[in-house]
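Following: one structure in structure tokens, then a few remarks.
2 protein chains.
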Amino acid sequence: MWKYAVMAMTKAVSIRAMNRERINEAVLAAARDQIAASGANSLSMRAIARELGMASSAIYRYFESRDALLTKLIIDSYDSLGRAAESAEARISRDDPGGRFRAICHAVRRWALANRHEYFLIYGTPVPGYQAPQDTVGPATRVADLMIALLVESDMARPRLSQSVAATPATAALHRALAPIRAGVSNEISDAELASGLSVFSALFGAVSFELSGQLHNVIKDGEASRRAYFDSQIDGWLAVLSW
Amino acid sequence: MWKYAVMAMTKAVSIRAMNRERINEAVLAAARDQIAASGANSLSMRAIARELGMASSAIYRYFESRDALLTKLIIDSYDSLGRAAESAEARISRDDPGGRFRAICHAVRRWALANRHEYFLIYGTPVPGYQAPQDTVGPATRVADLMIALLVESDMARPRLSQSVAATPATAALHRALAPIRAGVSNEISDAELASGLSVFSALFGAVSFELSGQLHNVIKDGEASRRAYFDSQIDGWLAVLSW
DNA sequence: GATTGTCAAGAGCACTGCTCACAAATAGGT
DNA sequence: ACCTATTTGTGAGCAGTGCTCTTGACAATC
Chain P
452 MWKYAVMAMT KAVSIRAMNR ERINEAVLAA ARDQIAASGA NSLSMRAIAR
502 ELGMASSAIY RYFESRDALL TKLIIDSYDS LGRAAESAEA RISRDDPGGR
552 FRAICHAVRR WALANRHEYF LIYGTPVPGY QAPQDTVGPA TRVADLMIAL
602 LVESDMARPR LSQSVAATPA TAALHRALAP IRAGVSNEIS DAELASGLSV
652 FSALFGAVSF ELSGQLHNVI KDGEASRRAY FDSQIDGWLA VLSW
Chain Y
452 MWKYAVMAMT KAVSIRAMNR ERINEAVLAA ARDQIAASGA NSLSMRAIAR
502 ELGMASSAIY RYFESRDALL TKLIIDSYDS LGRAAESAEA RISRDDPGGR
552 FRAICHAVRR WALANRHEYF LIYGTPVPGY QAPQDTVGPA TRVADLMIAL
602 LVESDMARPR LSQSVAATPA TAALHRALAP IRAGVSNEIS DAELASGLSV
652 FSALFGAVSF ELSGQLHNVI KDGEASRRAY FDSQIDGWLA VLSW
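Protein sequences, first through last, are from chains P and Y. Note that the first sequence covers residues 452 to 695 in my numbering. Note that the second sequence covers residues 452 to 695 in my numbering.
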């Protein structure tokens, strides 16, 4: 069926496919605008349709449901954040792990500040009843992958302390707890280091979430200068935890 | 007007006032049930009215609007969490700051696990358009107050290192950033310590949020034993940051 | 016993996600 | 060029939402 269409060069992609693609993008753009303006909560299918000048029911030709639209937006947001972190990290000299770590942290915060509602779309309250489909896990781990790579790499370069920790019940339990992530991480890196890395990772998002959700109000002075100074002091703390 | 009512002893509180109080509590209870079942997002005034067997419009005699109800629920949640943390901390010997810190962390996590939706009500995505009224700030800081007290107290007991940090531009900026919280905190405690304390505080909520929103899926083994082992390892890290 | 303030109910407005039957546009094969 | 099958758009409609306003009933006060 497609064989002939492809052969017919000029209409390799049909007008329909092109239109479909165009409208699909327009729907997503309108949705992103709406989310940026007032959050995912108030994302309205009808409002998108109005914006695009089409019947409210027509939207459902492009996205099966509101949830499906949301899923697509979530994946895109993860990708956008991942791209931002990756490109910021890539700009730093390879032999400066501390600098690369700093770059990732600042990239995450910058992206979050510039896209608050998209940030909360992925790191905010989980939507009740909404089960994250499998497609979201890949993009979701881009930032984490970056940090794990950094952790492993800098661990290889570090002189082995060969400090075999005493096998207490606690360390054994931690070892079992880390089993799932172990599947994808070098065995060179110790349980303690891996756990520290994860902890710093969640601390990063805790810090960003606190700033974005206004929990720092009346605690840290408003304004980018102060907020950034405090964030920098936090990064120093995390670097110390990772002994960098 | 009330003068006579009060004088009439037996009916100091009228039947009306009592009924009103009873229904008010019933509305709140139904609302909490609904939130526990499916989150704040899907809290419905009509559903509450149905539950209580009254007309949908009658609810508005008790709460001016959905937002007003939400505000009351938020305050109650902050109080509930604060109470949980306080009573857990109070059970630990006064001369064991590390133990008291651990108790607070575990209390926060336990409360969050037992009241996930209420947790996200206060530490999740801020509701767009919803401005937290002034009444919420008091209860909101109960856990933080507890930790700051601990920080100050244990700092007094610690031998002064009198390490006057070099006054770099960064330390000066951090000092300015911390101005708001300084208003309510002893000057004995240094900027660096205060910032570390805050950072650990947000890390705690970052860790709890990560666990509750499923970000640890495929990372840390499911089940309370593993989750708790990982959480304990995080507490150890935070204790180290605070040099306890 | 009359008055006054309070409360519940019902109807209604404007909105939401979503479905369905139908009409228009476009595709492919003859 | 024609015919048929698929795809896209439409409008009506269902069931739900928060919220308002009027109306009638009742309890508390005088």
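All C-beta atoms in this analysis are idealised placements derived from N, C-alpha and C, irrespective of residue type, glycine included. As the structure is a computational prediction, the values presented were derived from the model and not from experiment.
Query, Result
"CB contact check: Asp-606 (chain Y) to chain P, cutoff 8 Å", "no"
"Delimiting residues of the alpha helix (DSSP H) encompassing Pro-590 (chain P)", "588 to 591"
"Test: Leu-602 (chain P) CB closer than 8 Å to a CB of chain Y", "no"
"Backbone secondary structure at Lys-672 (chain Y) - three-state DSSP", "coil"
"Chain-ordered chain P contacts of Val-692 (chain Y) [CB-CB under 8 Å]", "Gly-688, Ala-691, Val-692"
"Test: Lys-462 (chain Y) CB closer than 8 Å to a CB of chain P", "For Lys-462 (chain Y), the predicted model reports a pLDDT of 40, less than 50, meaning its position is unreliable and no value from the coordinates is stated."
"Best match in Y:Leu-532, Y:Gly-575, Y:Ala-628 for proximity to Phe-682 (chain P) [C-alpha to C-alpha]", "Y:Ala-628"
"Length of the line joining the Cα atoms of Ala-676 (chain P) and Leu-564 (chain P)", "14 Å"
"Where Val-603 (chain Y) falls: helix, strand or coil (DSSP)", "helix"
"Which of helix, strand or coil DSSP assigns to Phe-514 (chain Y)", "coil"
"Buried or exposed by the 16-neighbour rule on C-beta atoms within 10 Å, applied to Gln-585 (chain P)", "exposed"
"Chain-ordered chain Y contacts of Pro-631 (chain P) [CB-CB under 7 Å]", "Asn-669, Val-670, Ile-671, Lys-672"
"Beta carbon proximity, Ala-558 (chain P) to chain Y, threshold 8 Å", "no"
"Leu-629 (chain P) in three-state terms, based on DSSP", "coil"
"Check whether Phe-652 (chain Y) and Met-598 (chain Y) have beta carbons under 8 Å apart", "yes"
"Boundaries of the alpha helix (DSSP H) in which Met-505 (chain Y) is found, first to last residue", "Here Met-505 (chain Y) belongs to no alpha helix (DSSP H), and DSSP marks it neither H nor E."
"Meets three-Cβ-pair contact criterion under 8 Å: the segment 601 to 608 of chain Y and the segment 544 to 552 of chain Y", "yes"
"7 Å Cβ cut-off: residues of chain Y touching Asn-424 (chain P)", "This structure cannot speak to residue 424 (chain P), because chain P is shown only from 452 to 695."
"Buried/exposed call for Thr-576 (chain P), threshold 16 Cβ in 10 Å", "buried"
"Environment of Pro-620 (chain Y) [buried if 16+ CB atoms lie within 10 Å]", "exposed"
"Collapsed DSSP secondary structure at Arg-567 (chain Y) in the structure displayed", "helix"
"Chain P contacts made by the segment 544 to 578 of chain Y, where a contact means CB separation under 8 Å", "His-568, Phe-571, Tyr-574, Gly-575, Thr-576, Pro-577, Val-578"
"Where Leu-625 (chain Y) meets chain P, residues with beta-carbon distance less than 7 Å", "Ala-680, Tyr-681, Ser-684"
"Chain Y within 8 Å of Leu-479 (chain P), Cβ atoms only", "no"
"CB of Met-422 (chain Y) within 8 Å of CB of Ser-489 (chain Y), strictly", "In the structure as shown, chain Y starts at 452 and stops at 695, and residue 422 (chain Y) therefore has no counterpart that could be examined."
"Where Glu-540 (chain P) falls, given that 16 or more other Cβ within 10 Å makes a residue buried", "buried"
"Beta-carbon spacing of Ala-658 (chain Y), Gln-685 (chain Y) below 8 Å", "yes"
"Ile-703 (chain P) (DSSP reduced to helix, strand or coil)", "Here chain P comprises residues numbered 452 to 695, so residue 703 (chain P) is not present and cannot be evaluated."
"Given 8 Å, three or more beta-carbon pairs between the segment 521 to 533 of chain P and the segment 565 to 573 of chain P", "yes"
"Straight-line Cα distance separating Val-478 (chain Y) from Leu-521 (chain Y)", "12 Å"
"CB-CB length for Tyr-513 (chain Y) against Asn-470 (chain Y), believed under 8 Å", "Not quite, the Cβ-Cβ distance comes to about 11 Å (not below 8 Å), so this is no contact."
"Ser-508 (chain P) beta carbon near the ligand SAH (any heavy atom closer than 7 Å)", "Among the components of this structure there are no ligands whatsoever, and the ligand SAH is therefore not found."
"Secondary structure of Ala-618 (chain P), DSSP reduced to three states", "coil"
"Cβ distance (whole Å) where Pro-590 (chain Y) is taken to contact Gly-665 (chain Y) below 8 Å", "In fact, because the Cβ distance is near 27 Å, the residues do not count as touching under 8 Å."
"Simplified DSSP assignment, three categories, for Gly-688 (chain Y)", "helix"
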